[in-house]
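What follows is one structure encoded as structure tokens, with my remarks underneath.
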Amino acid sequence: MNEISTGILLTILIALILLSAFFSGSETALMTLNRYRLKHLADEGHRGAKLTKRLLNRPDRLLGLILLGNNFVNILASAIATIIAMRLYGEAGIAIATGLLTLAILIFAEVTPKTLAALKPEKIAFIAAYVYTPLLKLLYPLVWLINIFANRLLALVGVHAAEGKKDNLSADEFRAVVHETRHFIPDQHSEMLLRILDLEKTSVEDIMIPRNEVTGIDLTDDWSDIERQITNSQRTRVPVYHDSIDHTVGILHLRKVLNLLARGELNLDSVNAQIRKAYFIPAGTSLTRQLLNFQKKKRRSALVVDEYGSIQGLVTLEDILEEIVGQFTTDSPTRNFDIHTQDDGSFLLDGGTHIRDINRNMNWSLPQGGPKTLNGLILEHMEMIPEPGTSLLINNYSIEIMRTSKNAVQSVRILPLHKDEDESDQDDDQYGDKN
């Protein structure tokens, strides 16, 4: 080393600092790569992506190689810097070399390359993959020996490097990814993806046509009434029952029946011949499960029943699909959502309106964990049938009862409160007071 000139040593020192920068930057680039984009590029045939993906399959070996190279060049750079400093400043040069080299490595070999790699990970990672692939083969015995000791230490705490990193996304993580990438895909598509994720959290109770709104055919009615219902129904599939919908005998496809009407063959016997066995589902079924069940059983509608077997409502395949893509039909009646804006900024709603529909259409946050309708929510809070004029406060929404019947709230007026209003009074007003 004494025979080498100071100029050459300085050149070697600069080269070693650059090598250190390469090792540091490539480490950051490889570890911050988007694994899903990397997989996509590799599947598309990108050679750099293929090499990178292969290296990242065993991160313990890759890190062992990078750290081996990085520590080697840093130690060698420290030795050369010490020799140069002693030649120039004598014994005092050791301290000078330590300070200057530390500063140089920190700026030029750590912070700067790692920042660049974090901003441009793909370009640096793919270039590094071409270097590390043959280098790993060359130094494999040494890297393998280092990994043996490191992996044994990890095994003591229950970590096994050979298992690799799992890149599976949970539903919540995927939802976050969709939100982050909304500027890359149309808003309508991202909304559909998010709604698909929400299907598992939503049950058929949330979207079904409630029992009191289900229109069906009572076979005990006069034939003229049955014929009128068949010709005037807005749905293609309706339940058929005796006296009560709880005594449903099946589902009638009205298009087939109308063909009989056109041929003059429509009568009670021909109607009975077209009735298909009803399909019943439990109330707590998630929309994801029910969508698969509809596909498996080749059905398009089902009657929702509670734990006692009583029919609670009707859900159709179209209802579930509309949860994903939004409303796409205008001829099929769904749950009513009538809201009227008042002059004072309040809103007049029907008591039977579903809370989920209110929150979705109005961007409100009324509680959805319990009752499904506005009437049910009010009755749960009041624990009684309130009289008109009664007011209560739920989740910062001022609700005034406008009209009631013997067993339900018919209409209400809601005035959303501003978030900066004093919330300390909420507890006093929670259950309302009569005006």
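Each residue of the sequence shown is one higher than the one before, counting from 16 in our numbering.
Cβ atoms here follow ideal geometry from the backbone N, Cα and C, with glycine treated the same way.
Runs of alpha helix (DSSP H) lying entirely within the region 293-334, each at least 4 residues, in chain order: Taking only runs of at least 4 residues, the alpha helix (DSSP H) segments lying wholly in the region 293-334 are 302-312.
Per DSSP, cross-strand counterpart(s) of Ile-409: For Ile-409, which the question treats as bridged, DSSP gives the partners Tyr-412.
Beta carbon of Ser-218 nearer than 8 Å to that of Gly-299: The answer is yes: Cβ separation under 8 Å.
CB of Ser-426 within 8 Å of CB of Leu-363, strictly: Their beta carbons are under 8 Å apart, which means Ser-426 touches Leu-363 by this criterion.
Collapsed DSSP secondary structure at Phe-362 in the structure displayed: In this structure, Phe-362 counts as strand in the three-state DSSP scheme.
Own chain, CB closer than 8 Å to Gly-231, minus 5 neighbours either side, in chain order: Counting only Cβ-Cβ distances below 8 Å, and skipping sequence neighbours, we find Val-253, Pro-254, Val-255, Tyr-256, Ile-260, Thr-263.
Three or more C-beta pairs below 8 Å linking the region 31-44 and the region 72-83: The region 31-44 vs the region 72-83: in contact.
Of the listed residues Glu-137, Ile-95, Ile-27, nearest to Arg-50 (C-alpha basis): The option with the nearest alpha carbon to Arg-50 is Glu-137.
Residue burial classification, Gln-7 (beta-carbon count within 10 angstroms, cutoff 16): For residue 7 there is no data in the structure shown, the boundaries of the chain being 16 and 450.
Rounded separation between Asp-365 and Asn-390 - CA only: Linking Asp-365 to Asn-390 through their CA atoms gives a straight-line distance of about 8 Å.
Best match in Gly-384, Val-424, Gln-289 for proximity to Met-399 [C-alpha to C-alpha]: For Met-399, the nearest C-alpha among the options comes from Val-424.
CB contact check: Glu-398 to chain D, cutoff 8 Å: Looking at the structure shown, chain D is missing, and only one protein chain is on hand.
CA nearest to the CA of Val-330, picked from Leu-302, Pro-156, Ile-339: In terms of CA proximity to Val-330, Leu-302 leads the group Leu-302, Pro-156, Ile-339.
C-beta contact flag for Leu-48 and Ala-140 at 8 Å: Yes, the pair counts as a contact, with Cβ atoms nearer than the cut-off.
Distance CB(Tyr-412)-CB(Pro-431) smaller than 8 Å: Between Tyr-412 and Pro-431, the C-beta gap is smaller than 8 Å, which places the two residues in contact.
Contact set for Ile-111: own chain, Cβ-Cβ below 8 Å, skip 5 residues either direction: Its chain contains Ala-100, Tyr-104 as the residues whose beta carbon lies nearer than 8 Å to that of Ile-111, once the 5 sequence neighbours on both sides are disregarded; these appear in chain order.
Test item: CB-CB of Ile-429 and Ile-416 under 8 Å: Result no, Cβ atoms of Ile-429 and Ile-416 do not sit closer than 8 Å.
Candidates Asp-258, Lys-216, Asn-247, of which the one nearest Thr-235 by Cα: Taking only the C-alpha atoms, the option nearest Thr-235 is Asp-258.
The region 83-103 / the region 30-37 touching (three or more Cβ pairs under 8 Å): Flag = yes, the region 83-103 and the region 30-37 touch.
Range of the contiguous beta strand (DSSP E) that encloses Pro-254: For Pro-254, the enclosing beta strand (DSSP E) covers residues 252-257.
Ser-248, DSSP secondary structure in three states: In this structure, Ser-248 counts as coil in the three-state DSSP scheme.
Alpha-carbon to alpha-carbon, Leu-151 and Val-158: Cα-Cα distance, rounded: 8 Å.
Nonlocal neighbours in the same chain, by C-beta distance under 7 Å from Lys-129, ignoring five residues either side: So the qualifying residues of the chain are Ser-39, Gly-40, Thr-43.
Simplified DSSP assignment, three categories, for Ile-111: Ile-111 carries a helical assignment under DSSP once its states are collapsed to helix, strand and coil.
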